[in-house]
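Following full-length UniProt numbering, the numbering of the sequence shown begins with 1 at its first residue and continues without gaps. Working notes, structure below.
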Amino acid sequence: MCGIAGIAGLRPSAEQLKNMADAMIHRGPDDEGFFIGEQAGLAFRRLSIVDLAGGHQPMSDAEQSVWVVFNGEIYNHMELRRALIDAGHRFRTDHSDTEVFVHGWKAWGTELFSKLNGMFAVAIWDVRARTLVLARDRYGIKPLHYAIAPSGALVFGSEIRTVLASGLIAQRPSVDGILEYFSVQNLWDGRTMFDGVQYLESGTMLIRGPQGMRKERYWDLSFPRSARGSMDDLARQHREILMRTLQRQIAADVPVMTYLSGGIDSTALSVGAYQLDPKVRAYSCIFDLDSVGDDKVADEREYSRLVAQTYKMDRVEMTVPATALEGCLDGYVTSLEDLRMGMGYVNYLIAQRVAQDAKVVLSGTGGDEYHAGYVGRYKILGLTEPEADPVQAGGPSLMRRVAQRLLAWRRGRGESASRPPTRQEIYRAVLNSVLSPAALKEAFTPEFLAQSKGYDPIERIDAWIARTPSDDWFDKVFYVDAHTYLEGLLTFEDKVSMAHSLEARVPLLDNELVDFVLDLPKEYLARGDVGKIIFRESVKPWVPDQIYNKPKMGFGPPDASWYRKQLRPWIESELAPDKLARQGVLRPEYVRSVLDRHFSNQANNTYLIWSFLNFNAWCRGFSFYG
């Protein structure tokens, strides 16, 4: 919807706020607005979706005692508006969800945030209390970054570039942020790849006032698991909630589209949305498979075409050629700012295509994390088949990677390789998905590693496991995935879509739906080889049998093949030893060995090469290690 920014703790100049707003103009090309007070200033860029004529920000009450800038959509704002009007509050807009923050803050204070069903990053400046409040939605759908200037002022923005544009925060790389990316291909606990800049975690508020600054979580996952009923009855309830969710999320004053990959999630969302509004159009991305030869790759084009044909749905198909990465990597990486997991450049390209026709798209992100869709993670821990050997249960690819990681850790610590692994050790290996602690020492130069403040991926993973509010390992995996993997995916989803002025909505993270799923006994989520059981049963009436019965494939390009063939000359140039030597970060000989093993088909090093390419483009885009 928008981009927000601001400074608290000093009176910012109009030029500062303008620079911050201009740095995120792609997030809101339709409008801008500013507020400057004695101890705070707010900046705003708008992508008009709801209440096109109204909704200008920053927005205040009639007395100008509360000022708000807000990015996102609140799907229950009309119900909250009615409650506030009944309590005596007078609204000045017709149906702007932003105004609910203004009056909601005055009526409920920080309790406002737990009442909201939607996606949001918000800043509230309470003039009388001289207090700034920042908050993010339950799941972290909308991003918010902040930093503390040397003067003590708090600088914040929807994007890191916005914070840096204030001129108050130095642009420096974070060594530990870089190591975290190369360990888990993600960033956790508020860490970014920019020194001194943090992101505000999901379900959290940051309050800065005369008494200092504090951070509090206003919502967290819990696992009542108390729902009872037959599978048919619970699946029907789930489907009814999903339809209400879609009804809420296709509400806009502009057209809403969907992504359609051919998997169950995107099929269900596309069909459900189409049933509610036949003007909904689906967008599919397919890959140039003529370029991969005899290599086996996942291809879901026939399934997305089947959905469109079955329902006579309008559908747009975009083909990604083998060389697409070469042309878009720099734009993709600079839009992300922080590097994240997955071959996300394809999502960047399809978002660019949708943005030519619309401002809003529905995405299935969150469906796997909140419905136990990554069944291999649960199986390998023996959580869906307790009698199974955990390491043998997750499938050959995951089993091989976990076994290799466990063996490397044991050798590094001088421990016996024959001792059966604990669940904690197995889950560490699942999360430490790129380079192990020992491999980090091989991949990076000693001079670079010496700048670390003591980064240890094992400590980071163990800390997350320890803070889970449940002793049940099924819940532990659910909790950690939601707070780590999913938060990274959501940040990625926002950045690649808003780079093209496109708002991505995620119906599978609607509060009503999530609360329902968290109350289900775990056997309704994953059992044996099957994950997302309740979701699959819920949407079965909408999904063609060929899609319902096919194995989970995942969405991604055939990069392993493309790296060995069409993209090899470009990769050789991007990761040339002399370039890496000048950077002084990655060891050229280590990178060369990774490339050689992949090019010769001795190993599939796609994700590691992808990480090298991303990091190289990141250094170039932000003028680091040049």
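We put the beta carbon where it would ideally sit given N, CA and C, even for glycine. Values in this document were obtained by computation on a predicted structure and should not be read as measured data.
Kindly indicate the opening and closing residues of the alpha helix (DSSP H) around residue i.
| i | result |
| --- | --- |
| Tyr274 | 264-276 |
| Thr204 | First-last for Thr204: 204-209, but that is the beta strand (DSSP E), not the alpha helix (DSSP H). |
| Trp105 | 98-108 |
| His598 | 588-599 |
| Tyr548 | 545-548 |
| Leu349 | 345-354 |
| Phe156 | Element bounds for Phe156: not the alpha helix (DSSP H) but the beta strand (DSSP E), 154-157. |
| Gln16 | 14-22 |
| Glu240 | 231-249 |
| Gln171 | Careful: Gln171 lies outside any alpha helix (DSSP H) and carries neither H nor E. |
| residue 631 | Examination of residue 631 is not possible in this model, given that the chain is present from 1 through 626 alone. |
| Ala429 | 423-431 |
| Gly376 | 375-380 |
| Ala581 | 577-583 |
Name the two residues that bound the continuous beta strand (DSSP E) containing residue i.
| i | result |
| --- | --- |
| Glu215 | Contrary to the premise, residue 215 reads as Lys rather than Glu in this sequence. Start and end: 212-217. |
| Asn71 | 66-74 |
| Phe287 | 282-287 |
| Ala135 | 131-136 |
| Ala560 | It is not in any beta strand (DSSP E) - Ala560 instead sits in the alpha helix (DSSP H) that spans 559-564. |
| Phe44 | 40-46 |
| Leu567 | Unbroken run through Leu567: none, as it is neither H nor E. |
| Tyr199 | 197-199 |
| Val361 | 360-362 |
Classify residue i as helix, strand or coil using the three-state DSSP reduction.
| i | result |
| --- | --- |
| Thr445 | coil |
| Trp188 | coil |
| Tyr485 | helix |
| Gly118 | strand |
| Arg30 | The sequence given here has Asp at residue 30, not Arg. It is coil, neither helix nor strand. |
| Phe223 | coil |
| Glu387 | With a pLDDT of 48 at Glu387, under the threshold of 50, the predicted position of this residue should be treated as unreliable, and no value is reported. |
| Pro521 | coil |
| Phe624 | coil |
| residue 667 | This structure does not reach residue 667, given that the chain is present from 1 up to 626, and the question cannot be answered. |
| Ser611 | helix |
| His145 | strand |
| Asp462 | helix |
| Gln392 | Because the pLDDT of Gln392 is 48, which lies under 50, any placement of that residue in the model is unreliable, and the question is left without a value. |
| Tyr332 | helix |
| Glu317 | strand |
| Glu369 | coil |
| Leu503 | A quick correction: the sequence has Glu, not Leu, at residue 503. Three-state DSSP puts Glu503 in a strand. |
| Met257 | strand |
| Val530 | strand |
| Phe194 | strand |
| Asp510 | coil |
Quick one, are the C-beta atoms of residue i and residue j less than 9 Å apart?
| i | j | result |
| --- | --- | --- |
| Asp22 | Ser65 | no |
| Trp618 | Val333 | yes |
| Leu325 | Leu613 | yes |
| Ala135 | Leu206 | yes |
| Val68 | Trp108 | no |
| Ser363 | Val506 | yes |
| Val496 | Ser261 | no |
| Lys532 | Ala308 | no |
| residue 690 | Gly118 | Outside the displayed range of the chain (1 to 626) lies residue 690, so it cannot be described from this structure. |
| Val254 | Ala358 | yes |
| Glu300 | Phe555 | yes |
| His95 | Arg82 | no |
| Met20 | Ser166 | yes |
| Phe516 | Ala227 | yes |
| Arg27 | Ser501 | yes |
| Thr267 | Val543 | yes |
| Glu180 | Arg191 | yes |
| Phe194 | Asp338 | yes |
| Met318 | Arg353 | yes |
| Arg225 | Asp471 | no |
Validate contact between the segment 181-190 and the segment 428-439 using beta carbons, cut 8 Å, 3 pairs: yes
contact_flag[the segment 582-590, the segment 445-464] where n(CB pairs < 8 Å) is 3 or more: yes
Touching by the beta-carbon criterion (3+ pairs, under 8 Å), the segment 10-30 and the segment 218-234: no
The segment 476-490 contacting the segment 369-379, beta-carbon criterion three pairs below 8 Å: yes
Any 3 or more C-beta pairs closer than 8 Å across the segment 112-123 and the segment 134-152: yes
Sufficient close CB pairs (3 or more, under 8 Å) joining the segment 417-430 to the segment 458-475: yes
Segment contact flag, the segment 232-242 with the segment 535-545, C-beta cutoff 8 Å, min 3 pairs: yes
Three-pair Cβ contact test at 8 Å for the segment 507-514 versus the segment 199-218: no
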